[in-house]
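Residue numbers (UniProt numbering): 1 to 289. Using N, Cα and C, we set each Cβ at its ideal position, and we do this for glycine too.
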């Protein structure tokens with residue numbers, strides 16, 4: 001096939017948009033331009049991300065800039081491609097609008113659009129950020145990625161969840177690290193009756209303050225909660241920096257381990273349920289004969 005034959009073949013018109021003929025060459029040129037544009041966009045995003053990462057930029061800012069850059073780049077690629085093949089943007093806008101309306105009514109795309117808009121709201125207002133510890137209904141986990149349709153959360157047991165963005169905006173979400181990573185928790189213990197309450201309070205405070213991750217301001221507070229059925233109930237409240245709930249559990253465990261050692265050194269008994277049974281001494285014998 002000669003060069004002229006190839007040119008004539010590529011110039012064959014197969015359709016027309018707004019009285020503008022679309023040739024075989026245009027059809028072959030469109031995917032070529034799109035592939036080159038997407039590859040170039042991906043390379044530029046990777047380059048920008050690496051430079052921002054080396055400067056210790058907030059990952060949430062990096063994520064938002066990536067999304068904005070992708071949208072701008074895709075818009076430029078589409079407009080440039082249409083201009084190269086001489087297709088008016090107005091005609092394409094009308095066609096895409098008709099398709100969008102058809103999908104919206106026919107395939108329930110309202111939810112997709114809702115999640116898409118919600119994703120941009122989350123990234124712009126930042127009520128939820130990458131690295132935050134969330135509690136959504138019965139699930140607790142760390143935010144790993146905020147996408148345009150859903151947010152990926154790594155649950156405390158390692159399972160990954162994909163939560164629609166609209167659900168995070170429309171429902172109540174507990175963000176443990178929205179303002180800071182300060183968290184308060186308590187350790188509760190009961191000791192046997194007859195034990196010195198002041199001594200127990202001193203030992204609980206000692207076991208708590210010995211933990212390096214516990215804040216001294218506000219300082220831990222030990223309270224004598226109640227005279228229980230089987231024990232004197234004490235509780236210590238303290239604050240610490242923790243990005244996950246597991247850090248609180250580990251700290252509570254460390255305090256209990258230390259309390260066990262201190263109580264053993266000072267012969268303090270941790271109370272356990274006890275029941276006294278009293279017999280009145282009278283026994284009635286029933287003769288069945």
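Next on the checklist: Going residue by residue through the UniProt domain "Mechanosensitive ion channel MscS" (111-177), where are the continuous beta strand (DSSP E) segments of at least 3 residues, counting only ones entirely within it?
Outcome noted: 133-136, 139-146, 150-155, 160-164
Item to check | Buried versus exposed call for residue 190 [16 or more other C-beta atoms within 10 Å across all chains shown] | outcome: buried
Item to check | Residue interval of the beta strand (DSSP E) (run including residue 226) | outcome: 221-227
Checklist entry - Using a Cβ-Cβ cut-off of 6 Å (strictly less than) and excluding sequence neighbours within five positions of residue 273, which residues of its own chain qualify? => result 230
Next on the checklist: Here's a check: name, in chain order, each residue in its chain whose Cβ is nearer than 6 Å to the Cβ of residue 174, leaving out the five neighbours to either side.
Outcome noted: 135
Next on the checklist: For residue 259 and residue 197, which I take to be in contact (beta-carbon distance under 8 Å), what is that distance rounded to the nearest angstrom?
Outcome noted: Incorrect: roughly 15 Å between the Cβ atoms, too far for contact.
Next on the checklist: For residue 270 and residue 256, what's the separation of their Cα atoms in angstroms?
Outcome noted: 11 Å
Next on the checklist: Alpha carbons only, please: which of 186, 218, 234 is nearest the one belonging to residue 249?
Outcome noted: 186
Item to check | Stretch-stretch touch, CB-based, cutoff 8 Å, three pairs: the stretch 236-250 with the stretch 201-218 | outcome: yes
Item to check | Own chain residues within Cβ distance below 8 Å of residue 52, not counting five before or after | outcome: 61, 62, 65
Checklist entry - From residue 79 to residue 142, what does the alpha carbon distance come to, in whole angstroms? => result 39 Å
Item to check | Distance, residue 124 Cα to residue 245 Cα | outcome: 27 Å
Checklist entry - Among 129, 34, 31, which has the Cα closest to the Cα of residue 147? => result 129
Checklist entry - Looking only at its own chain, which residues have a Cβ that is under 8 Å from the Cβ of residue 218, when we skip the five neighbours before and after it? => result 239
Item to check | At least three beta-carbon pairs within less than 8 Å, the stretch 157-169 to the stretch 178-185 | outcome: no
Item to check | Per DSSP, cross-strand counterpart(s) of residue 235 | outcome: 188, 223
Next on the checklist: Can you tell me where the alpha helix (DSSP H) holding residue 257 begins and where it ends?
Outcome noted: 245-265
Next on the checklist: Short of 6 Å in beta carbon distance, which residues of its chain neighbour residue 59, apart from the five on each side in sequence? Order them along the chain.
Outcome noted: 130
Checklist entry - Under a three-way DSSP split, which group does residue 204 fall into? => result helix
Checklist entry - How long is the line joining the alpha carbons of residue 111 and residue 188, rounded to whole angstroms? => result 46 Å
Checklist entry - Roughly how many angstroms separate the alpha carbons of residue 226 and residue 234, rounded to a whole number? => result 7 Å
Checklist entry - How many Å lie between residue 193 and residue 221 at the Cα? => result 22 Å
Item to check | 6 Å Cβ shell around residue 201 - same chain, five flanking residues per side excluded | outcome: 222
Item to check | Distance between residue 267 and residue 261 (C-alpha atoms, nearest Å) | outcome: 10 Å
Item to check | Close Cβ partners of residue 242 (< 7 Å) along its chain, the five nearest in sequence each way excluded | outcome: 181, 183, 248
Checklist entry - For residue 39, which three-state DSSP category applies? => result helix
Checklist entry - Since residue 81 and residue 47 are thought to touch, with beta carbons under 8 Å apart, how far apart are those beta carbons, to the nearest angstrom? => result With 8 Å as the limit, residue 81 and residue 47 do not qualify as a contact, their Cβ atoms being about 23 Å apart.
Next on the checklist: Taking the beta carbon of residue 43 as the centre, do at least 16 other beta carbons fall within 10 Å, making it buried, or is it exposed?
Outcome noted: exposed
Item to check | Whole-Å CB distance - residue 132 paired with residue 177, under 8 Å assumed | outcome: 5 Å
Next on the checklist: Between the alpha carbons of residue 28 and residue 69, how many angstroms are there, rounded?
Outcome noted: 26 Å
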